[in-house]
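Chemist: In our numbering, the protein residues as written are 128 to 984. The beta carbon of each residue, even a glycine, is placed where N, CA and C say it ideally should be.
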Amino acid sequence: MAPRRGIKFNHRNGHSSGIDGRRSSFSDISEAASEPGSPKQSGPGADVALEFQDQPVSEYEKKKQTFITRSIWTFVMIGAFFGSMFMGHIYIIIIVTAVQIVSFKEVIAIANVPSRARRLRFTKALNWYWLATTMYFLYGESVIYYFKHIVLVDKVLLPFATHHRFISFMLYVIGFVFFVTSLQAGHYRFQFTQFAWTHMALYLIVVQAHFIMNNVFEGMIWFFLPVSLVICNDIFAYLVGITVGRTQLIKLSPKKTVEGFLGAWIFTVIFGCAMANVLMRYKYFICPVNDLGANIWTGLECVPNPVFLPHTYHLPIWFPYIKSFVMAPMQIHILLFATFASLIAPFGGFFASGLKRTFKIKDFGDSIPGHGGITDRMDCQFIMGFFAYMYYHSFIAQNKVSLGGVIEQVITGLTPEEQMELVKGISKHLVNQGVITEGVSTAVLKRGAHLAPIHYTISRRGGSLDISDTANFSALHGHLQEIESRFASTTRELEKNTVVRKARRRHDTQAETVLLGEVGRPGNWFATLELGEPAQHIKMDLDMLTADCFAHCRPAQQWIRSLGPSGAYLGLAPSSSLSQLNTTSLMNQLIEKEIIDLPMWSIVLLNGQDGLFSIGGTPVAAIREVERETRKLLSSQDSHVELKRSMPLEKRVAEYKPSKEAESNMEWKWLKVRGSDGWWQVQMHGVWVDGTKVVYNQPAILDVNTPFIIAPPMAARAFYATTSGSRQLPPPHDQFHAYPCLSPPKVHLDFSGWTVEILKGRRLFSPGGRFSLGRMAPGSGYCVGIIVESRFGNEKSSKKSRNHDNGLANTWIIGEPFFKDVQVAFEVRKAKYMSAGWKEKLNVAQWKTKRVGFQRV
């Protein structure tokens, strides 16, 4: 039969874009449905003419709507990308994970046959099982590699980490066996096609995308730079192509031109050099991830990779005028990155174009309105991210031993006996280097831990602070004057390039004795120590404002001055600059005698008159042991005491697990001591009142013998201004503020992101809760707040000259109420250069690190 001639279909307009006249942007079904018949099957000629008249308008409207939708979603994606990148690495990892899953879904969908999939029940389920198994293996490898110092020392995670690959293999084998058993006659070709297609998608999409996630762990720059280079190349390939493009580059993508291809390369190199120069200046981009909670505002800290540091390059001798130049090696590496992004990465897009032409589809999906599917936007990014990972680990990464790597090798490669030999060798090396003492090394080898701390119960002289129903302003003013006189008895001086705090001298000769304190003073916290041979029980007053340790023995009671109490004083200040006596601190003596090995002490108050004082550590382990013994005792009482419970007590005790809140309370927050060298002063980042942050970045001194919390005047007024109904009292009580007794404020203190609520709870004998110092007047509905204003630096002229240099005008004094809600530990570390004769030099050794630790009670 002779072929028909001269027949033209109106939708093709006589022009064919391919051999068979099909457009690659539609599938067979859509093409067949949209293709009109022959002229004989068409409507009248008038209808055809009308169709040709209306077509340009509809096409214009369609393109306009597509352009608007595409533009809107472009800005949405850009905003989401930069927002996630600035918020932190974890958000970028979530985005990469979502891209993996959606791209996998789009790719396996194009080869799916719904009619057969319905007859084969587990086809889709197997596809998602392969994906889950692969992601478990890949994510597990990354977590173990980058966080092995955490995973390998955890009792629960250690078995999963050491057997991760075997577990992953067995999961894959389970899926493989299930696939083989699910094969059905008549569907073999389809099932094996799905099997092969799924594994191709896993390799080309999931595995390559996972290397992009690993780039994020290595540093944000290794993620952002490759992504931005590919985007820049796409933009300039389009711009240069429509401007000067004439020669077609490849038939798979007819709109790509050679001119656009090469022009985009040049512009991408320029963009890459400029962008790398900017990103190298910020540690947030160049530092590997060591804190998943970091963001653009908090930043990261690390030793920069040498590739980001300037390097001098010397030119050969035939350059007479310029002999050398300075640049960062990264500027050389970025040329290769930009070249790959311009000349190689586009072939990932060509591959995707060929795949779509094979299946006669325009886009992989419609996940992004106006853009098509996620895979359409990520086709070049996958191969670029894979290249960035391989290039970084081949030419840029520093192949140095990490702490996590050493721990992994020791745990997985050595027996327990060999691990102990390693500990002995490391301990001997540290002793020879003067980093630790022989006593510490012996304690570690014999006990496997530090020497046990010494615990003492402490009490407040005179009982708890006298807070009755009505505030006693005379007593409160007396306490304030005594506290302020002690703090004001110091001055700041420059000593060996360090600002230190010393006792003030009277007429530049003899130092005042106010700082030495008064033995037996009411309100002091004291511990009863057993000292000497034969043992004697000595009540020793604790004082955090001085560094002296001495005994005060009065003569026989012959005159009135000898009737005062005798006793001892234990100075707990971290600096010897406040010492006024030629004595050795108790901490140094205990370390020298190897009774303790940690230069640490801690205080926790149980109530207003009892507490616990520990030297050489903290009482956490002892408290946990008491809890265990208590639970054991309770379980043994179940057979003697009938309890109305639905569950037996033994079962409740066995199933007891600390809540998340309880576990968070066990965590310590450590802060470095700031300010002048002398007292335990830290930086308080903020004070929150009823959910509102009212004070920012204030220095705070910790002192357990201060019965209040003393704030600078402006800070105190800002605090009470946020408290509903509060007001400042008139003179002479203007250091105090009153608030409604029935609505005490909720107070939180923020120490570098560690926030704790204080003054929570009620008193039975006083209105207004723990925040109250008593009613303002008998029967009044207003109570006096425990946060009071200081008067440091605000005295009259005679006193102002005396106190103008003590640096306390804008400082908080965090007193006794804080120690009832927070266990506080104080640690002083010696310098690493201690020589072998450390015992002789112990009294004059310079301390290196002073820090304060907080733990919720």
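Let me know the alpha helix (DSSP H) ranges lying completely inside the segment 315 to 340, each 4 residues or longer, listed in chain order.
Modeler: 315 to 328
Chemist: My parser needs the beta strand (DSSP E) runs of 3 or more residues fully inside the segment 368 to 398; what are they?
Modeler: 375 to 377, 380 to 384
Chemist: To the nearest angstrom, how far is it from the Cα of I222 to the Cα of K189?
Modeler: Along the sequence shown, read from residue 1 onward, the residue named residue 222 stands at position 95. Along the sequence shown, read from residue 1 onward, the residue named residue 189 stands at position 62. For I222 and K189, the distance between alpha carbons rounds to 31 Å.
Chemist: Tell me whether K382 is buried or exposed, calling it buried when 16 or more other Cβ atoms sit within 10 Å of its Cβ.
Modeler: Position 255 of the sequence shown, counting from 1, holds the residue named residue 382. With fewer than 16 Cβ atoms within 10 Å of its Cβ, K382 is classed as exposed.
Chemist: On a CA-only basis, which of T250, K623, R619 is nearest R631? Give me that one, please.
Modeler: Counted from its first residue, the sequence shown places residue 631 at position 504. Among T250, K623, R619, the Cα nearest to that of R631 belongs to R619.
Chemist: Here's the rule I'm using: 16 or more other beta-carbon atoms within 10 Å means buried, otherwise exposed. How should N254 be labelled?
Modeler: By one-based count along the sequence shown, residue 254 stands at place 127. Counting Cβ neighbours within 10 Å, N254 comes out buried, since at least 16 surround it.
Chemist: Let me know if M454 comes out buried or exposed under the rule of 16 or more other beta-carbons within 10 Å of its beta-carbon.
Modeler: Start at 1 with the first residue of the sequence shown, and residue 454 comes out as number 327. By the neighbour-count rule (16 or more Cβ atoms within 10 Å), M454 is not buried but exposed.
Chemist: To test your reading of the DSSP string, which unbroken beta strand (DSSP E) runs of 3 or more residues are found completely within the segment 422 to 472?
Modeler: 438 to 441, 451 to 454
Chemist: Can you tell which of A845, Y583, N832 has the C-alpha that lies nearest to the C-alpha of P740?
Modeler: Numbered from its first residue, the sequence shown carries residue 740 at position 613. Per the sequence shown, the amino acid found at residue 740 is Phe instead of Pro. The candidate whose alpha carbon is nearest that of F740 is Y583.
Chemist: Go ahead and pull the three-state DSSP assignment for I913.
Modeler: For this step, residue 913 is matched to residue 786 along the sequence shown. DSSP places I913 in the coil class of the three-state scheme, outside both helix and strand.
Chemist: Give me the Cα-Cα distance between K477 and S380, rounded to the nearest whole angstrom.
Modeler: Residue numbering aside, residue 477 sits at position 350 when the sequence shown is read from its first letter. Residue numbering aside, residue 380 sits at position 253 when the sequence shown is read from its first letter. With the sequence shown as reference, residue 477 is identified as Phe, and Lys is not the correct amino acid for it. Their backbone Cα atoms lie some 7 Å apart in a straight line.
Chemist: With distances taken Cα to Cα, identify the nearest neighbour of K873 among R897, N422, I581.
Modeler: Residue numbering aside, residue 873 sits at position 746 when the sequence shown is read from its first letter. The shortest C-alpha separation from K873 is found at R897.
Chemist: Compute the Euclidean distance between the alpha carbons of F835 and I742, then round it to the nearest angstrom.
Modeler: As a working mapping, residue 835 is identified with position 708 in the sequence shown. As a working mapping, residue 742 is identified with position 615 in the sequence shown. Going by the C-alpha atoms only, they are around 25 Å apart.
Chemist: Could you give the C-beta distance for V396 and L298, rounded to a whole number, given that I count them as a contact under 8 Å?
Modeler: By 1-based counting over the sequence shown, the position of residue 396 is 269. By 1-based counting over the sequence shown, the position of residue 298 is 171. Contact flag wrong, Cβ pair sits at about 44 Å.
Chemist: By a C-beta neighbour count over all protein chains shown, 10 Å radius and 16 as the cutoff for buried, is V533 buried or exposed?
Modeler: Along the sequence shown, read from residue 1 onward, the residue named residue 533 stands at position 406. Answer is exposed; the Cβ neighbour count stays below 16.
Chemist: Helix, strand or coil for W807? Go by DSSP, reduced to three states.
Modeler: Position 680 of the sequence shown holds residue 807. DSSP places W807 in coil when its eight states are reduced to three.
Chemist: State the start and end residues of the unbroken beta strand (DSSP E) segment that holds W939.
Modeler: Mapped onto the sequence shown, residue 939 falls at position 812. Taken as a continuous stretch (DSSP letters only), the beta strand (DSSP E) holding W939 covers 939 to 941.
Chemist: Straight-line CA distance for T673 to V955?
Modeler: For the purposes of this step, residue 673 is taken as residue 546 along the sequence shown, with counting starting at 1. For the purposes of this step, residue 955 is taken as residue 828 along the sequence shown, with counting starting at 1. So the alpha carbons of these two residues sit roughly 15 Å apart.
Chemist: Going by C-alpha to C-alpha distance, which of G694, H498, V550 sits closest to S198?
Modeler: As a first step, residue 198 is located in the sequence shown; it is residue number 71 there, counting from the start. The shortest Cα separation from S198 among G694, H498, V550 belongs to H498.
Chemist: Taking C-beta to C-beta, are A700 and W797 nearer than 7 Å?
Modeler: Locating residue 700 in the sequence shown gives position 573, where the first residue counts as 1. Locating residue 797 in the sequence shown gives position 670, where the first residue counts as 1. Not in contact: A700 and W797 (Cβ atoms no closer than 7 Å).
Chemist: In three-state terms, what does DSSP make of L708?
Modeler: Taking the first residue of the sequence shown as 1, we reach residue 708 at position 581. Note: L708 maps to coil in three-state DSSP.
Chemist: What does a CB cutoff of less than 6 Å around T655 pick up in its chain, not counting 5 residues either side in sequence?
Modeler: By 1-based counting over the sequence shown, the position of residue 655 is 528. Taken in chain order, the residues that qualify are H664, K666.
Chemist: Assuming the contact rule is C-beta atoms closer than 8 Å, F264 and S230 should be a hit. Round their C-beta distance to whole Å, please.
Modeler: Against the sequence shown, residue 264 aligns to sequence position 137. Against the sequence shown, residue 230 aligns to sequence position 103. With a Cβ gap of about 18 Å, F264 and S230 do not count as contacting.
Chemist: Counting C-beta neighbours from all protein chains within 10 Å, is the total for K720 16 or more, i.e. buried, or is it exposed?
Modeler: Here residue 720 is taken as the residue at index 593 of the sequence shown, counted from 1. When all chains shown are included, K720 counts as exposed.
Chemist: State buried or exposed for Y960, treating a residue as buried only when at least 16 other CB atoms are found within 10 Å of its CB.
Modeler: Taking the first residue of the sequence shown as position 1, residue 960 is located at position 833. Annotation note: pLDDT 37 at Y960 (below 50); position unreliable, coordinate value reported separately. Classification of Y960: exposed, given that the 10 Å Cβ count is below 16.
Chemist: Measuring alpha carbon to alpha carbon, tell me which residue in L733, S616, A598 is nearest W652.
Modeler: Mapped onto the sequence shown, residue 652 falls at position 525. Here the closest residue by C-alpha is L733.
Chemist: For G512 versus G500, is the C-beta distance shorter than 7 Å?
Modeler: As a working note, residue 512 is residue 385 in the sequence shown. As a working note, residue 500 is residue 373 in the sequence shown. Cβ atoms of G512 and G500: not closer than 7 Å.
Chemist: Does the count of Cβ pairs from the segment 475 to 490 and the segment 404 to 419 closer than 8 Å reach three?
Modeler: Three or more Cβ pairs closer than 8 Å define a contact, and the segment 475 to 490 falls short of that threshold against the segment 404 to 419.
Chemist: Would you call the segment 812 to 824 in contact with the segment 706 to 725, where contact means no fewer than 3 C-beta pairs closer than 8 Å?
Modeler: no
Chemist: What is the DSSP secondary structure of Y696, counted as helix, strand or coil?
Modeler: Within the sequence shown, the letter at position 569 stands for residue 696. Y696: strand per DSSP, three-state reduction.
Chemist: Considering only residues of the same chain and omitting the five flanking positions on each side of T849, which have a CB-CB separation below 8 Å?
Modeler: Here residue 849 refers to the residue found at position 722 of the sequence shown. Cβ neighbours of T849 beyond the five flanking positions: V816, D817, T819, V821, P872.
Chemist: When DSSP builds the beta bridges, which residues end up paired with Q825?
Modeler: In the sequence shown, residue 825 corresponds to position 698, counting from 1. M811, per the DSSP bridge assignment.
Chemist: Assign I501 to one of three DSSP states: helix, strand, or coil.
Modeler: By one-based count along the sequence shown, residue 501 stands at place 374. I501 falls in the helix class under three-state DSSP.
Chemist: Taking a contact to mean a Cβ-Cβ separation below 7 Å, would you say D670 touches G698 in this structure?
Modeler: The residue given as residue 670 occupies position 543 in the sequence shown. The residue given as residue 698 occupies position 571 in the sequence shown. Yes.
Chemist: Out of curiosity, what's the CA-to-CA distance linking A468 and M457?
Modeler: Position 341 of the sequence shown holds residue 468. Position 330 of the sequence shown holds residue 457. Straight-line Cα distance between these residues: approximately 16 Å.
Chemist: What's the C-alpha gap between L886 and I913?
Modeler: One-based indexing of the sequence shown puts residue 886 at position 759. One-based indexing of the sequence shown puts residue 913 at position 786. Rounded to whole angstroms, L886 to I913 spans 9 Å at the Cα level.
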